[in-house]
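In what follows, a single structure is set out as C-alpha cells and then discussed.
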Amino acid sequence: MTSDRIFTAGDLSGLINMITGSTGNELPNVWRSVVSKIGKKNDEIPGEENITLGEKLAANSHVVDLKNGVLLVEANHSGWIQYLKFNQKFILQGLKWALPDLQIKGLAFRVAGSSANLSDTYENQVKKARSELDAKIEKQEKELAQLENKKLVQKNEEKTSEGLPPEMLERFERLKNSMLTNSK
1424 MTSDRIFTAG DLSGLINMIT GSTGNELPNV WRSVVSKIGK KNDEIPGEEN ITLGEKLAAN
1484 SHVVDLKNGV LLVEANHSGW IQYLKFNQKF ILQGLKWALP DLQIKGLAFR VAGSSANLSD
1544 TYENQVKKAR SELDAKIEKQ EKELAQLENK KLVQKNEEKT SEGLPPEMLE RFERLKNSML
1604 TNSK
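Quick note, my numbering runs 1423 ahead of the 1-based positions in the sequence shown.
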C-alpha cells in the first residue's frame, strides 16, 4: 500500500527523533514553536494568506548561539529582525517558560550571511555603554567645576565688600543706583 502524502524535512526529523528517543537540541525546536505563535490566523481566507506572521518569522529565522543568557538569532532579512524585535518580549517570555534552565535574558539579532557573533555584539554594547557613561561623567564634572567657580566668585565678592569702609560702600551704592536709573 503506497501513500501519496508528501513528508517534509520536519516530519522526517520528528520521526527520527521518535525512533531514536533523542530530542537533539531543544532550543531550535522551542524557538520555532514560540515564534510561530505570534499573530493570529484568519480562517476565513484559505491558502497561503492563512499563514500567521509567527509562522513566517519561524521559517525565516533560526537560533545561532546562546552565551551569557543572550540568544543570538539569525534572520534572512533585516525586515524579519524588525518584527522579531517588536515581539521580543513575547518571545523571551515563551522561551523562559519553555526552557527555564537556560536562563535566557535577552535576544541579539543578525542578518544571515553576516559574521557578527555574540562576543562582538557584547563588546559593542560595552563600548557604547562606556562612551555614554564617560560623556555623562564629563558633563557632570563640567557642571561641578562651574558650580565651584560660581561659589568662589561669590566668596571673593563677599570678602571684597566686607573689607571696604562704610563710606566707600555708600558711594559705590549711590554710583550703582545712578547708573541703573540713568539719571544725570
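Glycine is no exception: its CB is placed at the ideal position from the N, C-alpha and C atoms. What you are looking at is a predicted structure, and each value in this text was computed from that prediction instead of being measured.
CB contact flag (residue i, residue j, <7 Å)
i	j	result
residue 1486	residue 1450	yes
residue 1608	residue 1483	Summary: the structure shown does not reach residue 1608, with the chain confined to residues 1424 through 1607, and so no result is reported for it.
residue 1515	residue 1457	no
residue 1480	residue 1506	yes
residue 1610	residue 1530	Lying before the first or after the last residue shown, residue 1610 is absent from the chain, which here runs from 1424 to 1607.
residue 1527	residue 1492	yes
Neighbourhood of residue i by C-beta, 6 Å cutoff - its chain only, sequence neighbours within 5 removed
i	result
residue 1504	1498, 1532
residue 1477	1458, 1459, 1460, 1461, 1462
residue 1522	1453
residue 1455	1481
residue 1572	none
residue 1534	1501
residue 1598	none
residue 1693	Any question about residue 1693 goes unanswered here, given that the chain covers just 1424 to 1607.
7 Å Cβ shell around residue i - same chain, five flanking residues per side excluded
i	result
residue 1594	none
residue 1474	none
residue 1546	none
CB contact below 7 Å: residue i versus chain B
i	result
residue 1510	The question asks about chain B, but that chain is absent: this structure has only one protein chain.
Own chain, CB closer than 8 Å to residue i, minus 5 neighbours either side, in chain order
i	result
residue 1442	Legend: pLDDT at residue 1442 = 49, less than 50; position of this residue unreliable, no value from coordinates given.
residue 1601	none
Per-residue burial, residue i [other beta carbons within 10 Å of its own, 16 or more giving buried]
i	result
residue 1444	Residue confidence for residue 1444 is low, a pLDDT of 45 falling below 50, so the modelled location carries little weight; the figure read from the coordinates is stated next. Under this definition residue 1444 is an exposed residue.
(Q) Which runs of the beta strand (DSSP E) at least 3 residues long sit entirely within the stretch 1524-1567? Give them in chain order. (A) 1529-1534
**Q.** Ordered list of alpha helix (DSSP H) runs contained in the stretch 1459-1516, each at least 4 residues
**A.** 1476-1482, 1501-1509
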